[in-house]
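Those letters in the sequence shown? Residues 0 to 438, per numbering that gives the first Met the number 0, in order. Worksheet: one structure, shown below.
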Amino acid sequence: MTIEFLLGLLGLIAVFMPVAASLVMGLLWLFGIELAEATIHRITATTFSISLAACLGILAAIVARPGASTIVTLAHWVVVPSYALEARFVFDLPAGVLMTLTALLCGLIGVFSAPYLHLDPGFRRFFVLLPLFAAGMMAIAAGDTLDLVYAGWEVVGIASALLIAYFNEREAPVRHGLRAFAVYRVCDVALLAAAVLMHHHAHDPSLGMGVRLEGGAGLTIALLLVFASMGKAAAFPFTGWLPRAMEGPTPSSAIFYGALSIHAGPFLLLRSWPLLAEHPIARGALIAIGVVTAIHATMVGRVQTDVKCLLGYASVTQAAVILVEIGLGWTGLALAHMTGHAILRTWQLLRAPSLLHDHHELVGLIGGGRPPRGTLWERMLPPRIQRWGYRIALERWFIDDLAANRLLASLTALFRGLDALDQRWVEAISGQRPEEVRR
Numbered sequence: 000m001t002i003e004f005l006l007g008l009l010g011l012i013a014v015f016m017p018v019a020a021s022l023v024m025g026l027l028w029l030f031g032i033e034l035a036e037a038t039i040h041r042i043t044a045t046t047f048s049i050s051l052a053a054c055l056g057i058l059a060a061i062v063a064r065p066g067a068s069t070i071v072t073l074a075h076w077v078v079v080p081s082y083a084l085e086a087r088f089v090f091d092l093p094a095g096v097l098m099t100l101t102a103l104l105c106g107l108i109g110v111f112s113a114p115y116l117h118l119d120p121g122f123r124r125f126f127v128l129l130p131l132f133a134a135g136m137m138a139i140a141a142g143d144t145l146d147l148v149y150a151g152w153e154v155v156g157i158a159s160a161l162l163i164a165y166f167n168e169r170e171a172p173v174r175h176g177l178r179a180f181a182v183y184r185v186c187d188v189a190l191l192a193a194a195v196l197m198h199h200h201a202h203d204p205s206l207g208m209g210v211r212l213e214g215g216a217g218l219t220i221a222l223l224l225v226f227a228s229m230g231k232a233a234a235f236p237f238t239g240w241l242p243r244a245m246e247g248p249t250p251s252s253a254i255f256y257g258a259l260s261i262h263a264g265p266f267l268l269l270r271s272w273p274l275l276a277e278h279p280i281a282r283g284a285l286i287a288i289g290v291v292t293a294i295h296a297t298m299v300g301r302v303q304t305d306v307k308c309l310l311g312y313a314s315v316t317q318a319a320v321i322l323v324e325i326g327l328g329w330t331g332l333a334l335a336h337m338t339g340h341a342i343l344r345t346w347q348l349l350r351a352p353s354l355l356h357d358h359h360e361l362v363g364l365i366g367g368g369r370p371p372r373g374t375l376w377e378r379m380l381p382p383r384i385q386r387w388g389y390r391i392a393l394e395r396w397f398i399d400d401l402a403a404n405r406l407l408a409s410l411t412a413l414f415r416g417l418d419a420l421d422q423r424w425v426e427a428i429s430g431q432r433p434e435e436v437r438r
């Protein structure tokens, strides 16, 4: 048995265990067969235990033979001259790291959530979406083509929006889930366009093929990938959806916006580094976006009064720093930073409900209240500037108002106008009203 065969076998086991778990539990739920909570818990624990063991085997094989990797083509969906749509996976060190993080943290969230959501009406829905999300992250981690990455990208986005709207008996979570999904869709168009252009110009959507592109095609694809990553990473100016995403249960907030989903964008760019390395303009844009996002998230995070929103903005800050590291070419540091930050932020968000208890315990240990917040450079600023900065941070740099009242309103008016135009065309061509045509 060669090490390449072993990597491929372990990789496919790790990828398809969450797919199988989500499919089985989802179909049983669809046909009205309600599994007991204990059974769902055992299925989830077994799924992620096997997946984690396979991922650790991948890392062990790579440690035993540094640089080892393998590409597995699972299926040829469409094959025509100059075009092929394939399910192709690559199992190497970056894939192994993100896959291990996914299996480990999703398994941890599954164990944590079983008692946390005990007897909750959405218990089964949560445990169908958790392995579905893990399957999407596995596809992003191990996808060798933009086609497969895009499929995983969409699965992660759908699972994210549905879990934000988990408490669907209230209006606010549903509205916030829809807003997050809208941001995802805007940025996902860029990823789809990048895949189409890769097929057209390189005749292969592999993430490493972009270096062969000449002229403006390579730069265009690189910029599209940068834009696509901004949605999942909550980069400026798409930061506003993330605090609203905290409407979901604490476990989903931890796994999505503290650990894995928020790192999907940086990981896509990490995979695309051979292409980014050829285009300084794209790298410069990435660094600028990262710097602005880090400043924005730091300022806004300091005025938050809710611990989950505070940790959410802290996650955005670190994701922005990772974007800067990738733009500077420090890919190894970015991968290590991503790993450490995911583990730390998961622990912090899972501990968030115990914050008051921890605070009172800390106050008792130090024998008094905590000193006032504020760094030295803040206290050096004139009071007027401090108040101005506080107001700007409190309003989140006014980007929410701009996005909701200007951009979205304009897009809504545009789409309504196009819908009215379409209805007039139907009436002119058929001589009937659109309602009559549908009947």
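Heads up, the beta-carbon is just placed ideally off N, CA and C, and yes, glycines get one too.
Could you pull out every residue in the same chain whose Cβ sits closer than 7 Å to the Cβ of residue i, ignoring the five residues on either side in sequence?
| i | result |
| --- | --- |
| V323 | I286, G289, V290 |
| H278 | G217, L218, A221 |
| G142 | F88, V148, G151 |
| T330 | L269, W272 |
| A171 | E246 |
| R390 | none |
Taking 7 Å as the line, does the beta carbon of residue i fall inside it for any heavy atom of the ligand ATP?
| i | result |
| --- | --- |
| V290 | For the ligand ATP, the structure offers nothing, since it holds no ligand at all. |
Hey, how far is the Cα of residue i from the Cα of residue j?
| i | j | result |
| --- | --- | --- |
| F122 | L116 | 6 Å |
| V127 | E33 | 12 Å |
| L129 | M137 | 12 Å |
| A102 | A335 | 17 Å |
| F47 | C308 | 28 Å |
| A63 | G56 | 10 Å |
| V436 | D418 | Here V436 scores only 46 on pLDDT, less than 50, and its place in the model should not be relied on; the value that follows carries that caveat. So the alpha carbons of these two residues sit roughly 15 Å apart. |
| S271 | A13 | 23 Å |
| F111 | G339 | 20 Å |
| I280 | S429 | 51 Å |
| I2 | F88 | 16 Å |
| S168 | A351 | In the sequence as presented, Ser is not what sits at residue 168; that position holds Glu. If you take the alpha carbons of E168 and A351, they lie about 24 Å apart. |
| F180 | S260 | 13 Å |
| L275 | A37 | 47 Å |
| I39 | T345 | 22 Å |
| L9 | A60 | 10 Å |
| A83 | A333 | 32 Å |
| F15 | R124 | 20 Å |
| A440 | L420 | The structure shown has nothing for residue 440, since the chain only spans 0 to 438. |
| G156 | S228 | 12 Å |
| L97 | A140 | 6 Å |
| G66 | R243 | 41 Å |
| V302 | A234 | 19 Å |
| A313 | G328 | 23 Å |
| V225 | A232 | 10 Å |
| P204 | G264 | 18 Å |
| L22 | P93 | 27 Å |
| R41 | G31 | 20 Å |
| R415 | S409 | 10 Å |
| V18 | H202 | 29 Å |
Grab me the residues of residue i's own chain with a C-beta within less than 8 Å of its C-beta, minus the 5 sequence neighbours each way, in chain order.
| i | result |
| --- | --- |
| P382 | none |
| I254 | L104, C105, I108, L129, F132, S260, T345 |
| I183 | Looking at the sequence shown, residue 183 is not Ile but Tyr. Hits under 8 Å: G156, S159, A160, G230, K231. |
Using a Cβ-Cβ cut-off of 6 Å (strictly less than) and excluding sequence neighbours within five positions of residue i, which residues of its own chain qualify?
| i | result |
| --- | --- |
| T316 | A293, A296, T297 |
| D91 | S68 |
| L451 | This structure does not reach residue 451, given that the chain is present from 0 up to 438, and the question cannot be answered. |
| H200 | L212, A216 |
| Y446 | Here the chain covers residues 0 to 438 and nothing more, so residue 446 does not appear. |
| L206 | R270, S271 |
| V77 | L84 |
| L456 | No answer is possible for residue 456: it lies beyond the span of the chain, which begins at 0 and ends at 438. |
Measure the beta-carbon distance from residue i to residue j and round it to whole angstroms, keeping in mind my assumption that it falls under 8 Å.
| i | j | result |
| --- | --- | --- |
| G25 | V71 | Not quite, the Cβ-Cβ distance comes to about 26 Å (not below 8 Å), so this is no contact. |
| T43 | G135 | About 16 Å; that fails the 8 Å criterion. |
| H262 | M379 | Rounded, the Cβ-Cβ distance is 35 Å, inconsistent with contact. |
| C186 | G230 | 3 Å |
| L320 | A392 | One detail in the question is off: residue 320 reads as Val in this sequence, not Leu. That pair is no contact at about 19 Å. |
| L51 | G95 | 12 Å between Cβ atoms; not a contact. |
| L348 | S252 | 6 Å |
| V326 | R282 | Sequence check: residue 326 is Gly here, not Val. Right, their Cβ atoms sit about 5 Å apart. |
| L241 | G311 | 5 Å |
Quick check on residue i - is its C-beta less than 8 Å from some C-beta in chain D?
| i | result |
| --- | --- |
| A227 | No chain D appears in the structure shown, which is made up of a single protein chain. |
In the stretch 217-269, which residue ranges form an unbroken alpha helix (DSSP H) of at least 4 residues, counting only runs that do not cross its ends? The qualifying runs are 240-244, 249-252.
Per the contact definition of three or more C-beta pairs closer than 8 Å, is the stretch 161-181 in contact with the stretch 238-247? Cβ pair count under 8 Å is three or more, so yes.
Closer than 8 Å is the cut-off here; do at least three beta carbon pairs connect the stretch 157-176 with the stretch 137-147? The stretch 157-176 makes no contact with the stretch 137-147, as fewer than three CB pairs between them are under 8 Å.
Contiguous beta strand (DSSP E) assignments of at least 3 residues, all confined to the stretch 300-327: Listed in chain order, nothing qualifies, since the stretch 300-327 has no complete beta strand (DSSP E) run of 3 or more residues.
If you scan the stretch 61-138 from start to end, which runs of the beta strand (DSSP E) of 3 or more residues do you find wholly inside it? Taking only runs of at least 3 residues, the beta strand (DSSP E) segments lying wholly in the stretch 61-138 are 69-79, 82-90.
Ranges of the alpha helix (DSSP H) found wholly within the stretch 139-177, counting only runs of at least 4: DSSP runs (the alpha helix (DSSP H)) wholly in the stretch 139-177: 145-163.
What are the start and end residues of each continuous beta strand (DSSP E) run of 3 or more residues lying completely inside the stretch 8-57, in chain order? The qualifying runs do not exist here; there are none.
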